[in-house]
Structures are given as structure tokens and as C-alpha cells.
Amino acid sequence: MDDLRRRARKLLCVRKQLILLLTPLVLLPLVFCMPPKEGRCLYVVLLMAVFWCTEALPLAVTAMLPVCLFPTLGVLPSNKVCPQYFLETNFLFLSGLVMASAIEEWGLHRRIALKVLQIVGVKPAWLILGMMITSSFLSMWLSNTATTAMMLPIASAILESLFGDLASLKEKCKVHSPAEGEVKMCVLPSEPCEKQILTMEDGRDVLEKLDTRTPEEVRRESEYQLKVWKGFLICIPYAASIGGTATLTGTAPNLILVGQLKSYFPECDLINFGSWFLFAFPLMVLFLFLGWIWIAFLYGGINTRMCVNKQDERAAAEAKAQAVIDEDYKKLGPLSFAERAIAFFFVIFALLLFTRDPKFVTGWSIFFTKGYVSDAVTGIIITTILFFFPSQKPSLRWWFDPKAPNTPYVPLLSWKKAQDSVPWNIILLLGGGFAMAKGCEESGLAAWIGGHLQPLAEVPPPVAVMLITAFLASFTEFASNTATIIIFLPVLAELAIRVSVHPFYFMIPATVGCSFAFMLPVSTPPNSIAFASGHLEVTDMVKTGVVMNILGVVCVSLAMNTWGQLMFDLNSYPDWARPLNVSTVAHVLTTLSTSTLPP
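Rendered as C-alpha cells:
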């Protein structure tokens, strides 16, 4: 038995190397058992899927495999594969990342976060809501990981002001009521914690105040406070994941949807920054509200205890927490010229993207040649300005004052900062997804898979929406959401064509569902960051995440069958989704046949 355990440990140590060696051999029969091009393309797709899900290779390295495998296997020439790695969708993503770098460089995101927390107050239920609103708003523009990493220290500082030190709080949760015949004693910390000092009245000693509370009361109150603490920590990564779905640049799967739509349906121009925001923002708000109710209910209960003043000592602790927020905000000082400039360009960036072609009204893109100006053009124009716009207020007096110091010119953003902040591996991952989609389309693999999915035509579309969202939300608990959507979007596109359902009806729920990974610490980087604090357990995330996933499925289904149907006309099958417009082809054939008939 010991020998088996030793061998198992050795296998575990080299599991990635074994996957790299054995997977190509196990999948090799596909090349010979299927039609030539389809089989070779499926071989590459499954190989990449296994490597992505197991992370046997770094995700970005796996994403580059089509560059070498598609040409060598005869699936796609390299001059068609390589351009997929920097489509205009990648430039839109890059512009969003550069804007986020500038916001982080000058601390504007921290000012926004503290201001929102000042507004909502520090009563636990409202503070949880404030944390979720702030995290979701920031993650619409920044990365989910950066948002979580910034918000968690702020949350910890506020919680320490409300409840004191976490270690002593955990100790007080272990206090038990004395058994019969035992001497009843109060459990006192070696030093009074911050909350105890705050609750002193008229100079009374802390010991006198504690004498009025039994150990059981101390334990119950500490358990309640610990639950609220967990609620604070868990709401931030969840809100960051939800907020990223509201904008195209908020998370990578949204951009992959746009890129693959352009690959499969070149005539489809319904999804852009503005139209996606109109659909996804109400969905985000609805899910965020329901998620807040669930988290507040699970970690403390939605009642007057959480929402309004009920006890003087709790009110005093809340006043201290409010003072911490106010003090942190005061330390930031007045808005600097750089912060005002970044805020201005950020607003212009969002407005221009939103109004370029919002579909419900005429956008400013009509002033240019149709099809020439895209969201990527808009994003790059604004972000380019950041590299030369000054971070200090220009002054004409400087030119004429010989005593003025010759300080070096500092722009709002340097290339070094942008280079360090931009996750280039994600851009390669996007490119790998677009290359895979192109290979599936050109090789005929997508059509081959769609032909084998014909039995799914019997499933009613509303039920299919719920099943697709639930499946993708579950699958992405164990795999990268970017890799997941890359694998499944081509299949869903072909399925929609085969069953004559609007492609958006399957592809949008899948895209949004990929961001709903709430149950495990390894599901997303934000979950991992919150779990790494050491104050959450896996069971906390599982019991909270299961209901969050269900709420997400319900919200997506509701959105697709209400305002989504009105916006995208989901009840009818669009002409742009027909690979060859049947009516046009029939008309051309009829014209040709009549023109060749003898008079």
C-alpha cells in the first residue's frame, strides 16, 4: 500500500508532463477515423481543450498552437491563421486595458470606491451593497482581479473598525457557557479591543461594561460578526465577476463573442459597445440586487439589526468605521490635475463607445464612411492621447519665468506602465480563440458537429437557454472562462443554424454564463484572492455560490426572453445568419436558367 502511495505521488508530480505526452497519442485516431480536414481540426481543438482545462501548458502558449498545427496538418494556411491574433476586437480590449492602467496609475479607482462607501454608510447591509456596487462598477472598466485586489484591503480596514481584530473575534466564538456547578467567569481579552474602547460610556471601565454580558452572549455576538465579516469578503469577488459582464471590455468572453460573430456571420453588426451595454447593464443590476439580498440574508440576515441603528454600542462602532472611510478619503487630498484629466478622458471614452452606433438612435459613425470606424478605432484614439497629455497643469508663466524649475515632462501614462499592466497573455488567448473558430469554420468541422446536434432541435429554445447557461456556468468552475467560451461558441453557433434559432439566443447566454463561476476558490482569480485571505472556507463559497449560479441562470433566462427579444428580434431567424441566403441563391439560379433558355 505504501509503495502504491509513493508511486501515486510521483505520478501526481509529473501529471502535466504525462498529459502533454499522452493526450496527442490518445486523440490520434481522430485524424484517421473522420473526414480528413474535419478530423485534423477536431484533433487540434480537443488537444487545446485538454491543455486549457488541465493547464498542462500555460494558457497563452496553448493559444498559439494553431499557428503551428493548423498549417502543418493542412487545416488552414499560416497567412489565414496569424492575422486572427490581432483582430480589431483585440485592439478594443487593449484600449480598455490601457485606460484601466491610467486609472490605476493615478489612484482614481480608490477615490471612486471610498466616495461610494461614504454615500452608502457603514451599516452592514448597506455597506455590503456599497462594496458590491463599487466592485461591479470598477470591474466594468478594470480587470476583475485588480478590482478585487484593491477592494479587499479597504473592506478589511472597515471591518476591523466595526468588529475589532479578527483573531480575537475568532477566539470569542469559541467561548462556551459554563456547565452546572462550574464557576461562571467572563472571558476577557488581554487588552481591550477597539470596539470595547468605543463602547465605553461616561468613562466607565471596560471590565464593568463586560460584566453585563454572559459568555454565551459574547459568543453569539461574535459569531454574528464573523458571519458579516465573511459576507464582506465574499461579496467583492462575486460583484467583480458580475460587473465585468456589463461592458464589452469588462471581461474577455464578451470580446470573444464579438470576434466569433464577425467570423461566422460577417454581415451581423448588431453587437457593439452601446448595444451590448443596453442589454447587459440591466441584467447586471438585476443580478447584483438579487445577489446582495442572498449574501446579506446568508451572512447576518436582512433585518433591522443590519439596516438601522438598534444598539448604542453598535452605533459607536459604525461611527468609528465611518471615520476610517472619511480619513482615508481625506488622505487622498483634493482632486489633482491628473485625476481630473483621467476622469475626463474616461467619460469621453465611454460616451464615444456608447454613442458610435447604439442602434436605437443614429450614432456619430454616420459622419464617416460606413464600416470604416469601429469601437477599436474609438478606443485607440482616446488611449493614444493618454501617452502625451501632461499630468501637470500647463502654465504659460513657466515659459517666461527664468527662475522656474525645469521639471521633466510627465504624461498621464508611460509606455512602461502600460506594458507592465496589460496582461498580454489574455490578448494571445483571445487570438487563439479566434484562430480556433476560423479553423472550425474553414475546415467544415463546425458544420459536421452541427449535423450531429440535430436531435437537440426538439428542445424548446427557452429551456435550451437555461440548460446552456447552467452547463457553461458549471463547466467554467473548473476551467478558464476564456478557454471555455472559445471551445463552446463555435458549437453553439452551428447548433443555432441547424435548428433555425436566432444565434444570439444560444451564444449570448453562454457568454454571460461563463462569467458566473462562484462556487470554488479556483474558479476565478477574484475568488482565489478572497480565499487567500484565510478567513473563508471552501464550504462558504460552495453554499453561497450554488444559489448565486441558480440566480444567474434565472436572470439570464429572464433577460433573453424579455428585453433581449425586443432588442435583437430573437423570435425570427435573421438573414445574416444564413451562410448562403437561400432566397438570393434561388433567385440567381432562376435568372440564369431563364436567360439560357432559347427564345
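Sequential numbering from 0 applies to the sequence shown in the working numbering.
Cβ atoms here follow ideal geometry from the backbone N, Cα and C, with glycine treated the same way.
Work out the CA separation of residue j and residue i for me, nearest whole Å.
i, j, result
"methionine 63", "threonine 146", "28 Å"
"valine 490", "glycine 449", "7 Å"
"cysteine 439", "methionine 33", "14 Å"
"lysine 319", "lysine 330", "16 Å"
"aspartate 400", "leucine 86", "49 Å"
"phenylalanine 517", "valine 541", "8 Å"
"serine 176", "proline 525", "In this prediction, serine 176 scores a pLDDT of 46, lower than 50, which makes its location untrustworthy; no coordinate-derived value is stated."
"valine 555", "glutamine 224", "33 Å"
"tyrosine 298", "glycine 258", "40 Å"
"proline 252", "threonine 406", "44 Å"
"glycine 544", "tyrosine 328", "32 Å"
"proline 70", "phenylalanine 280", "41 Å"
"glutamate 536", "phenylalanine 367", "55 Å"
"arginine 5", "isoleucine 486", "36 Å"
"tryptophan 125", "serine 155", "16 Å"
"asparagine 480", "glycine 551", "15 Å"
"phenylalanine 477", "arginine 218", "37 Å"
"serine 473", "aspartate 2", "36 Å"
"valine 498", "histidine 451", "11 Å"
"glycine 432", "lysine 358", "27 Å"
"alanine 403", "serine 94", "36 Å"
"threonine 354", "cysteine 12", "53 Å"
"threonine 133", "methionine 150", "9 Å"
"serine 532", "proline 152", "10 Å"
"leucine 19", "proline 573", "42 Å"
"phenylalanine 387", "valine 409", "8 Å"
"glutamate 326", "glycine 332", "10 Å"
"alanine 375", "valine 284", "26 Å"
"valine 39", "valine 30", "For clarity, residue 39 is arginine in the given sequence; the question names valine instead. Approximately 5 Å between the Cα atoms of the pair."
"valine 458", "leucine 72", "36 Å"
Could you spell out the range, first to last residue, of the alpha helix (DSSP H) harbouring residue i?
i, result
"tyrosine 572", "Run containing tyrosine 572: none; DSSP gives neither H nor E here."
"asparagine 560", "Counting along the chain, asparagine 560 falls outside any alpha helix (DSSP H), and DSSP gives it neither H nor E."
"glutamine 16", "14-26"
"arginine 110", "107-119"
"phenylalanine 343", "336-354"
"isoleucine 365", "Isoleucine 365 -> no alpha helix (DSSP H), and no H or E assigned at all."
"tryptophan 125", "123-138"
"lysine 79", "77-80"
"tyrosine 504", "502-512"
"tyrosine 263", "251-263"
"tyrosine 42", "35-53"
"alanine 403", "From DSSP, alanine 403 is part of no alpha helix (DSSP H); its letter is neither H nor E."
"leucine 282", "272-297"
"proline 525", "524-530"
"threonine 71", "64-71"
"methionine 98", "87-104"
Would you please state the rounded distance, in angstroms, between the beta carbons of residue i and residue j? I believe it to be under 8 Å.
i, j, result
"serine 100", "alanine 239", "The pair is not a contact, with the Cβ atoms about 17 Å apart (cut-off 8 Å)."
"tryptophan 495", "tyrosine 504", "Residue identity check: residue 495 is alanine in the sequence provided, not tryptophan. At roughly 7 Å, the Cβ-Cβ gap stays under 8 Å, so alanine 495 and tyrosine 504 are in contact."
"isoleucine 118", "phenylalanine 231", "Not a contact, Cβ separation roughly 17 Å."
"tryptophan 228", "phenylalanine 288", "About 22 Å separates the two Cβ atoms, so there is no contact after all."
"isoleucine 233", "aspartate 539", "6 Å"
"leucine 91", "valine 421", "That belief does not hold up - the Cβ atoms of leucine 91 and valine 421 are roughly 13 Å apart, past 8 Å."
"methionine 98", "phenylalanine 345", "6 Å"
"valine 323", "serine 160", "5 Å"
"methionine 566", "phenylalanine 276", "Incorrect: roughly 11 Å between the Cβ atoms, too far for contact."
"threonine 244", "valine 511", "5 Å"
Beta-carbon separation of residue i and residue j under 8 Å?
i, j, result
"alanine 148", "isoleucine 380", "no"
"phenylalanine 272", "leucine 254", "no"
"leucine 411", "threonine 377", "no"
"alanine 59", "leucine 488", "no"
"leucine 116", "glycine 129", "yes"
"leucine 45", "leucine 444", "no"
"threonine 250", "serine 514", "yes"
"valine 121", "glutamine 321", "yes"
"tryptophan 291", "methionine 131", "yes"
"tyrosine 84", "alanine 482", "no"
"valine 43", "valine 66", "no"
"isoleucine 549", "alanine 509", "no"
"glycine 242", "serine 390", "no"
Determine, for residue i, whether the minimum Cβ-Cβ distance to residues of chain D falls below 8 Å.
i, result
"proline 525", "The displayed structure is made up of one protein chain only, and chain D is not part of it."
| field | Cβ contact check for the region 257-271 and the region 229-239: 3 or more pairs under 8 Å | value | no
| Cβ contact check for the region 103-118 and the region 406-422: 3 or more pairs under 8 Å | yes
| Cβ contact check for the region 111-121 and the region 384-396: 3 or more pairs under 8 Å | no
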